[in-house]
Amino acid sequence: MRKSKSYKIAETLSRTLSMPKIDINMPIEGGNCFLGKKTSGEYFALIGNKNLCGNDIPFIAKHLGIKGENVHLIPQPDFHIDLGIRPLNYPYVLLGDRKLTANLILAKYKLDNSTKLLIETEGNFLPHDYAGIDKIEHELRQKMFIPIRVPGILGDNQVNYMNAIVHQESKGDLIYITNDCQPSCYKNIDINSLFKEYLMKQVPQIKKVEFISGGSNNNSNAYGTYMNFALARTGGGIHCMTSERPDFVKWNAMA
25 MRKSKSYKIA
35 ETLSRTLSMP
45 KIDINMPIEG
55 GNCFLGKKTS
65 GEYFALIGNK
75 NLCGNDIPFI
85 AKHLGIKGEN
95 VHLIPQPDFH
105 IDLGIRPLNY
115 PYVLLGDRKL
125 TANLILAKYK
135 LDNSTKLLIE
145 TEGNFLPHDY
155 AGIDKIEHEL
165 RQKMFIPIRV
175 PGILGDNQVN
185 YMNAIVHQES
195 KGDLIYITND
205 CQPSCYKNID
215 INSLFKEYLM
225 KQVPQIKKVE
235 FISGGSNNNS
245 NAYGTYMNFA
255 LARTGGGIHC
265 MTSERPDFVK
275 WNAMA
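Its first residue numbered 25, the sequence shown is counted upward by one per residue in my numbering.
Here it is as structure tokens:
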């Protein structure tokens, strides 16, 4: 990506890993783009519409090797779309719902008034100048995706399970790998388990959920181990710190 600030780093990484690179003069960032495959066998891309417009689609499609009608620009839920959505097998897309997260916590736990107020406030939080969940869900449905709302976000990413890697095993079962998001300020609230139970109930194909922790959090701030792991240092989670490379050949064999 010629306009990327880290272009030389990407070029070095490509050589080191002996992986091909594609030069495109467009501001498409990894965390703002998901690649997938339809049941028909056609490739598709979900891309956040930051700095892009419909006129950019033919150019993007050409360089990604995807039909123009399969390049989908969606509203930004946050700085990158991988902070708000997580595609699964087509056409399903997980959609992080702050209010749902807050409501499930309030329904399950007896909290003091100050903690209740904090949870309610973070459930209503909306990142500045970004799209709300209703608009994103509507756009995804218009593009023939099926959104599934999950309690995957709370506040300003104090809790974020959307920034995740999804692994598909040979029999089609899914493993969901995400961030350990147990904020220290929410004592006696097991947010990890709350998310895991809800997710596996809504998506039975997910057989395992793995939480990646950065270790103990000595600062005792609201972000807990997730903040210690990534946000405090790099502004990202587990998906931001990996290079996701869908194995479409393997998917074809399982189809």
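For glycine and all other residues, C-beta sits at the position ideal for the given N, C-alpha and C.
- Compute the distance between the beta-carbons of D102 and H263, then report whether it is under 8 Å. Start at 1 with the first residue of the sequence shown, and residue 102 comes out as number 78. Start at 1 with the first residue of the sequence shown, and residue 263 comes out as number 239. Going by C-beta atoms, D102 is not nearer than 8 Å to H263.
- Message: Considering Cα atoms alone, identify which of L130, P228, G108 and I189 is closest to G72.
- Response: Residue mapping note: residue 72 aligns to position 48 of the sequence shown, counting from 1. Checked all of L130, P228, G108 and I189; the closest Cα to G72 is G108.
- Message: Would the stretch 135 to 147 count as touching the stretch 192 to 205 if we require 3 or more Cβ pairs under 8 Å?
- Response: With the cut-off at 8 Å, the stretch 135 to 147 and the stretch 192 to 205 do not touch.
- Query: Does the distance from the CB of K195 to the CB of H96 come in under 8 Å?
  - Reply: Position 171 of the sequence shown, counting from 1, holds the residue named residue 195. Position 72 of the sequence shown, counting from 1, holds the residue named residue 96. No. Outside cutoff.
- Task: Quick one: which unbroken beta strand (DSSP E) runs of 3-plus residues sit fully inside the stretch 155 to 221? Chain order, please.
- Result: 170 to 174, 189 to 192 and 198 to 203
- Item | Residues near V227 by beta carbon distance below 6 Å, same chain, minus five either side | As a working mapping, residue 227 is identified with position 203 in the sequence shown. Hits under 6 Å: none found.
- Query: How long is the line joining the alpha carbons of G38 and S217, rounded to whole angstroms?
  - Reply: The residue you call residue 38 lines up with position 14 of the sequence shown. The residue you call residue 217 lines up with position 193 of the sequence shown. Inspection of the sequence shows that residue 38 is occupied by Ser rather than by Gly. When rounded, the distance between both Cα atoms is 38 Å.
- Give every residue of the same chain whose Cβ lies closer than 6 Å to the Cβ of M224, excluding the five residues on either side of it in the sequence, and list them in chain order. Residue numbering aside, residue 224 sits at position 200 when the sequence shown is read from its first letter. Here the set comprises I230.
- Task: Go ahead and pull the three-state DSSP assignment for E234.
- Result: Along the sequence shown, one-based indexing puts residue 234 at 210. E234 falls in the strand class under three-state DSSP.
- Query: Leaving out the 5 sequence neighbours to the left and right, which residues in its chain are closer than 6 Å to K220 when beta-carbon positions are compared?
  - Reply: Here residue 220 corresponds to residue number 196 of the sequence shown, with the count starting at 1. Cβ within range, chain order: V233.
- Can you tell me which of T36, L128 and Q100 puts its alpha carbon nearest to the alpha carbon of C57? Counting from one through the sequence shown, the residue named residue 57 turns up at place 33. Checking every option, the nearest Cα to that of C57 belongs to Q100.
- Which runs of the alpha helix (DSSP H) spanning at least 4 residues fall entirely within the stretch 93 to 144, listed in chain order? 122 to 132
- Message: Given this structure, state the Cα-to-Cα distance separating P111 from Y210, to the nearest angstrom.
- Response: One-based indexing of the sequence shown puts residue 111 at position 87. One-based indexing of the sequence shown puts residue 210 at position 186. Roughly 29 Å between the two C-alpha positions.
- With DSSP as the reference, label I262 as helix, strand or coil. If you number the sequence shown from 1, residue 262 lands on position 238. In this structure, I262 counts as coil in the three-state DSSP scheme.
- Query: CB L124 to CB I172, shorter than 8 Å?
  - Reply: The residue you call residue 124 lines up with position 100 of the sequence shown. The residue you call residue 172 lines up with position 148 of the sequence shown. Not in contact: L124 and I172 (Cβ atoms no closer than 8 Å).
- Task: Within 10 angstroms of the Cβ of E146, are there 16 or more other Cβ atoms? Answer buried if so, exposed if not.
- Result: Taking the sequence shown and counting its residues from 1, one reaches residue 146 at position 122. The residue is buried, with at least 16 neighbouring Cβ atoms inside 10 Å.
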